[in-house]
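A.B. asks: One structure coming up, written as structure tokens, with questions to follow.
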Amino acid sequence: MAILEEDNAARDRLLAQLAGKGLGIAEIVAAFPDGIPGRARVEVLLALSFEARYRDPVAMLFLATAAQAAALNLSKEPEHRARYTPEEIADLQARALGEVANANRVCEETALAENALVQAARYRCAGTGDPLLLARLLDIEASLRTDQRRLEEADALLDHVHEIYLAAGETHLAGRALVSQGIGRHYDGRLGEAVGVLRRGLSLLDPHRDAQLLATGQKALLDAMAANGEFRGANRLLLESGLRQAFAAEPLNLIKLRWLEGRIFAGLGKLKRAEKALAEVEEGFLREGLKYEAALASLERAGVLLRMGRAAEVEAAAQEALETFQAMQVGREALRAVRFLQEACRQNAATSGLVRRVVDFLQRLQTKPYLRFEAAL
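For the numbering used here, add 10 to where a residue sits in the sequence shown, where the first one is 1.
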């Protein structure tokens, strides 16, 4: 216990020294004192990797890989073998490999993430049996399964993660699992369930422990509420959330927040404000080089224009979106949906409901590429 307390104190001191300095990777590595205990070194690198997950995926992966190397070194040096049990070393190696897997997932290196998770599981089996370590590895696996669109598997894994964290009294981490589960259920089209799960998850989060997670969870709840037609509640929550301040340094998230605001305005019948917001969103996505998202925003704006009686502009928007998707060589079903909308415009049969259906389908197609568009008015 004395060794653990000593390691934790060394970890906290170094993290405090590095906090808020904006150091590069080389400067961070150079700042490590020679005498820092091995476990503290691993945990500081893991903490720094986790902090980089939203802003710098490359740094996240580098730091996680450095933590893995430091953890593997613990079993090689006599001084570390004398300080830690083989089971403690195995736990640290499993933790580091899990974060390497997560960083590879964020960097879209799926095969490398899978391989690191397999290795992490082997080390965990040789470790202390810490349930929190198991929960973290399952959490990372669930994120990977979500990215792979294996949503049912991810949902089941997150049930287990939530249960483990609650049993251990880790309510914040249990809340994080529910936020992830709610996002997955939204992807799966289970909108009412998503709203309920996200509300429960947010109620468990400690805002001082991870402000970025809180902002991400609030944005996910707003998205689910708007998709579920809860526009008044979503508008009220958006005004109270402080998300514009939370995302002030993140231009892409601000564009997505403005998109959400446009959808809420449209749902509340504030069509001029909705049209203005969605036009800004389209321009913003084009600035960021996100042509698919810009085309979706353009189609969403077309639905608002239709409700405003400006039907002549809708066919042009559908044609432009079709040309964009053709140039990007998107899948057959996406093209089929936009062609169907374009033809409906030509026949003066397009409705705002049809536009909404096409936009929702194109968004869901990004997470469920096997979907088929139902061509019916």
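All residues carry an ideal CB built from backbone N, CA and C; glycine is no exception.
1) Leu-167 and Glu-151 look like a contact to me (Cβ under 8 Å); what is the Cβ gap, rounded to whole Å?
2) Given a cut-off of 8 Å, decide if Thr-138 and Glu-180 are closer than it, judged by their beta-carbon atoms.
3) Expressed to the nearest angstrom, what Euclidean distance is found between the alpha-carbon atoms of Arg-5 and Ile-274?
4) When you compare the CB positions of Arg-349 and Leu-332, do they come within less than 8 Å of one another, or not?
5) Distance, Cα to Cα, Ala-19 vs Ala-106?
6) In the structure shown, what three-state DSSP assignment does Cys-135 receive?
7) From this set, Ile-193, Ala-41 and Glu-173, which residue's C-alpha is nearest Ala-184's C-alpha?
8) Are the Cβ atoms of Leu-188 and Leu-214 separated by less than 8 Å?
9) Am I right that Leu-147 and Gly-108 are in contact with their C-beta atoms under 8 Å? What's the rounded C-beta distance?
10) Which whole-angstrom value describes the C-beta separation of Asp-216 and His-182, a residue pair presumed to lie in contact below a C-beta threshold of 8 Å?
11) Give a yes or no on whether the C-beta atoms belonging to Leu-55 and Ala-26 are separated by under 8 Å.
12) Express the C-alpha separation of Asn-358 and Glu-325 in angstroms, rounding to a whole number.
13) Closest to Gly-227 by C-alpha separation, out of Ala-80, Phe-383, Arg-159 and Gly-252, would be which residue?
14) Work out the CA separation of Gln-255 and Arg-200 for me, nearest whole Å.
15) So is Glu-118 buried or exposed if we call it buried at 16+ other beta carbons inside 10 Å?
16) Could you pull the start and end residues of the alpha helix (DSSP H) that Arg-159 belongs to?
17) Pairing CB atoms from the stretch 85-97 with CB atoms from the stretch 56-65, are three or more of them under 8 Å?
18) Is it buried or exposed, Thr-156, if we count other Cβ atoms within 10 angstroms and call 16 or more buried?
19) Rounded to the nearest angstrom, how far is the Cβ of Ala-230 from that of Leu-208, given a contact under 8 Å?
20) Could you name the residues of the same chain whose beta carbon sits closer than 8 Å to that of Ala-131, not counting the 5 residues immediately before and after it, in chain order?
21) Less than 7 Å between C-beta atoms, sequence neighbours within five positions excluded: which residues of the same chain meet that for Val-116?
22) Inspect the beta-carbon positions of Ser-362 and Leu-316 and report whether they are closer than 8 Å.
23) Quick check on the DSSP output: what are the complete alpha helix (DSSP H) runs of length 4 or more inside the stretch 168-233, in order along the chain?
24) Going by C-alpha distance, which of Asp-140, Ala-327, Tyr-380 and Leu-375 is nearest Glu-292?
25) Could you tell me whether the Cβ atoms of Ala-305 and Thr-334 are closer together than 8 Å?
26) Let's see if you can read the secondary structure: which residues bound the alpha helix (DSSP H) around Val-39?
27) If you follow the alpha helix (DSSP H) that Leu-270 is part of, which residue opens it and which one closes it?
28) Mapping the DSSP letters down to three states, classify Gln-255 as helix, strand or coil.
29) Sort Ala-136, Tyr-133, Leu-309 and Glu-384 by Cα distance to Arg-366 and report the nearest one.
30) Please classify Met-235 as buried or exposed, where buried requires at least 16 other C-beta atoms within 10 Å of its C-beta.
31) Quick check: the Cα distance between Gln-329 and Val-128, rounded to an integer number of angstroms?
32) Buried or exposed for Ile-13, please, with buried defined as at least 16 other CB atoms from any protein chain shown within 10 angstroms of its CB.
33) Are Leu-144 and Arg-134 closer than 8 Å when you measure CB to CB?
34) Check whether the Cβ atoms of Leu-281 and Met-318 lie closer than 8 Å to each other.
35) Using the C-alpha atoms, what's the distance from Glu-290 back to Glu-271?
36) What first and last residue would you give for the alpha helix (DSSP H) that runs through Ser-59?
C.D. replies: On the basis of the supplied data:
1) 6 Å
2) no
3) A question about residue 5 goes unanswered here, because the residues of the chain that appear run from 11 up to 387.
4) yes
5) 20 Å
6) helix
7) Glu-173
8) yes
9) 5 Å
10) 4 Å
11) no
12) 9 Å
13) Gly-252
14) 30 Å
15) exposed
16) Careful: Arg-159 lies outside any alpha helix (DSSP H) and carries neither H nor E.
17) no
18) buried
19) 6 Å
20) Ala-104 and Leu-147
21) Arg-63, Pro-67 and Met-70
22) yes
23) 181-197 and 201-214
24) Ala-327
25) yes
26) 35-40
27) 261-277
28) helix
29) Leu-309
30) buried
31) 47 Å
32) exposed
33) yes
34) yes
35) 11 Å
36) 48-61
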